[in-house]
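Chemist: The structure is given below, and queries will be raised subsequently.
In our numbering, the protein residues as written are 53 to 190.
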């Protein structure tokens with residue numbers, strides 16, 4: 053009756069990911085990423101308005117590069133049944149930078165869904181680029 057007074061702790065993203073992958077018959081995340089299900093989802097994403105594009109070519113949402121873009125999950129809550137708005141296109145460099153932000157726990161406000169925003173700040177600021185390793189690894 054009074055549950056709205058108490059915050060319930062939500063599951064960590066990794067737990068959502070493991071549970072969903074198992075429920076859809078995938079043993080590992082890599083199995084899912086190499087599946088036809090994921091390939092079809094990526095094709096649908098590339099054709100959608102959620103995919104960032106430069107002159108009609110899929111491009112990185114952070115730096116605009118068209119070189120080898122990766123589809124990044126903003127959340128694992130819907131994995132195997134992702135909504136297109138749960139995905140983001142990143143080049144290898146920005147994708148790695150985004151995951152570096154997550155691994156270092158640089159700031160608790162950054163998570164899977166918004167770490168790319170700090171990556172964008174780092175990529176577009178000369179001052180931050182020079183301090184990139186200090187920021188991420190200190």
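Virtual Cβ for every residue (Gly too), placed ideally from N, Cα, C. Given the structure is predicted, the values throughout are model-derived calculations rather than measurements.
Tell me the rounded alpha-carbon separation between residue 66 and residue 128.
Modeler: 7 Å
Chemist: I need the straight-line Cα distance from residue 107 to residue 75, nearest angstrom please.
Modeler: 39 Å
Chemist: Mapping DSSP to helix, strand and coil, what is residue 123?
Modeler: Correct three-state label for residue 123: strand.
Chemist: Alpha carbon to alpha carbon, how far is residue 79 from residue 101? Give it in angstroms, no decimals.
Modeler: Note on geometry: alpha-carbon atoms of residue 101 and residue 79 lie some 31 Å from one another.
Chemist: Kindly identify the DSSP beta-bridge partner or partners of residue 105.
Modeler: 110
Chemist: Classify residue 150 as buried or exposed, calling it buried when 16 or more other Cβ atoms lie within 10 Å of its own Cβ.
Modeler: buried
Chemist: Beta strand (DSSP E) containing residue 85: first to last residue?
Modeler: Unbroken run through residue 85 is the alpha helix (DSSP H), 81-85; no beta strand (DSSP E).
Chemist: Could you spell out the range, first to last residue, of the alpha helix (DSSP H) harbouring residue 131?
Modeler: Looking at the DSSP string, residue 131 is not in any alpha helix (DSSP H), and its letter there is neither H nor E.
Chemist: Among 85, 125, 139 and 104, which has the Cα closest to the Cα of residue 116?
Modeler: 104
Chemist: Measure the beta-carbon distance from residue 124 to residue 139 and round it to whole angstroms, keeping in mind my assumption that it falls under 8 Å.
Modeler: Right, their Cβ atoms sit about 7 Å apart.
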